[in-house]
Amino acid sequence: MNDMEQRVITTLPGSYPELGRWLWALEDTRTRTKAALAGLDQSGLDWTGPGVENAIGSLLYHLALIEFDYLYADILGEDYPEGAETLLPFPDRDGDGNLFVVPGVSLADHLARLDEVRRQLLQRVSVLSAERMETARALPEWNYAISPAWTLHHLMQHEAEHRGQIAAIRALRRG
Numbered sequence: 079m080n081d082m083e084q085r086v087i088t089t090l091p092g093s094y095p096e097l098g099r100w101l102w103a104l105e106d107t108r109t110r111t112k113a114a115l116a117g118l119d120q121s122g123l124d125w126t127g128p129g130v131e132n133a134i135g136s137l138l139y140h141l142a143l144i145e146f147d148y149l150y151a152d153i154l155g156e157d158y159p160e161g162a163e164t165l166l167p168f169p170d171r172d173g174d175g176n177l178f179v180v181p182g183v184s185l186a187d188h189l190a191r192l193d194e195v196r197r198q199l200l201q202r203v204s205v206l207s208a209e210r211m212e213t214a215r216a217l218p219e220w221n222y223a224i225s226p227a228w229t230l231h232h233l234m235q236h237e238a239e240h241r242g243q244i245a246a247i248r249a250l251r252r253g
């Protein structure tokens with residue numbers, strides 16, 4: 079039997095193959111984030127120390143909220159669905175513009191939230207046409223136009239950057 083690691087991009091179900099590859103890359107990003115969280119206990123989720131602006135738990139909440147917002151506000155141009163306030167009960171930022179502190183939430187709860195947001199994203203985005211993925215929507219209140227394809231790219235970058243922060247926080251905590 080061949081135990082060779084396979085480093086290939088497969089296609090997740092999508093309306094066309096290129097979109098399936100984008101969705102695979104998005105899922106690969108999440109797999110790597112989950113691997114970076116392995117073995118993390120509650121004190122590790124909530125820990126902040128010198129030079130650490132945000133606890134890992136707050137970063138995980140932020141990742142879920144931003145992905146949710148990009149899905150509904152930017153990609154779909156829709157209001158949040160019913161139940162959003164239960165899934166995401168806190169704001170992204172506090173009054174000073176810092177990430178909202180989300181202490182005491184278990185890793186299992188953070189992962190369940192991330193999984194539910196991703197489930198909604200995959201369900202809603204996988205059916206978009208190639209034309210829709212490339213069509214930018216103007217958001218004058220933010221002074222930019224944004225396409226769903228760019229949004230998927232941004233979500234992967236955003237999560238990867240915060241995954242780097244998570245690794246750095248874990249290293250600082252270990253000393």
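When we follow the working numbering, the leftmost residue of the sequence shown carries the number 79, and every step to the right adds one.
Quick reminder that beta carbons are idealized off the backbone N, C-alpha and C, glycines included.
These figures come from a predicted structure and were not determined experimentally.
Have a look at Trp102, Gly127, Gln201 and flag the residue whose alpha-carbon is nearest the alpha-carbon of arginine 251.
Walking along the sequence shown from the start, residue 251 turns up at place 173. Considering only alpha carbons, the answer is Gly127.
Excluding the five sequence neighbours on either side, which residues of its own chain have a C-beta within less than 6 Å of the C-beta of isoleucine 134, listed in chain order?
Translated into the one-based positions of the sequence shown, residue 134 becomes position 56. Excluding residues within five positions, the ones whose Cβ falls inside 6 Å are Leu123, Ile244, Ile247.
Just how far apart, CA to CA, sit alanine 216 and isoleucine 144?
Mapped onto the sequence shown, residue 216 falls at position 138. Mapped onto the sequence shown, residue 144 falls at position 66. Roughly 19 Å between the two C-alpha positions.
According to DSSP, is leucine 118 helix, strand or coil?
By one-based count along the sequence shown, residue 118 stands at place 40. Coil, per DSSP.
Min CB distance leucine 192 to chain B below 7 Å:
The question asks about chain B, but that chain is absent: this structure has only one protein chain.
Would the stretch 205–222 and the stretch 162–172 be scored as touching if the rule is three or more Cβ pairs under 8 Å?
no
For tyrosine 139, which option in Glu96, His188, Ser121 has the closest C-alpha, if you only look at C-alpha atoms?
Residue 139 sits at position 61 when you count from the first residue of the sequence shown. Comparing Cα positions, the closest option is His188.
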